[in-house]
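Numbering (UniProt numbering), first residue to last: 1 to 94. Note that the Cβ used here is the ideal one computed from N, Cα and C, for glycine as well.
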Amino acid sequence: MLQKAKKLRIYLCKLQNELNNNLKEAVKMAKEVKKSVLYIYGTKEDGDTRRRSYHNLVNNVGTEKLSAFGKIIGELSGEETQDIEIVETSMVKD
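In structure tokens:
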């Protein structure tokens, strides 16, 4: 009886290790990918509107920092910043 219990415990440990390895592999395969784009709309002196885009931004940036970034881009480009838009997408990569 003791021998059967020992064999059963060994079998269950091996099974648990195999399940853990399969789970680790599944987690590696299914990764969530997050992408973000920052659009800055600016107006030139002649009245034309231009949209500039900045891809793969750092996530969780505050609105104050984004507003300051938009103003800096406006000063560097000579355009007046009209609007700032952030588009975030996420997908699970197989």
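Asp83 has its alpha-carbon roughly 17 angstroms from the corresponding atom of Ser36. Taking C-alpha positions only, Gly74 is separated from Glu64 by approximately 15 angstroms. Distances from the alpha-carbon of Gly42 to those of Ser67, Val27, Leu2, Ile10 put Ser67 closest. Where Leu57 is concerned, there is no enclosing beta strand (DSSP E), because DSSP gives it neither an H nor an E. Selection Gly78, Gly62, Phe69 evaluated against Arg50 yields Gly78 as nearest (Cα-Cα).
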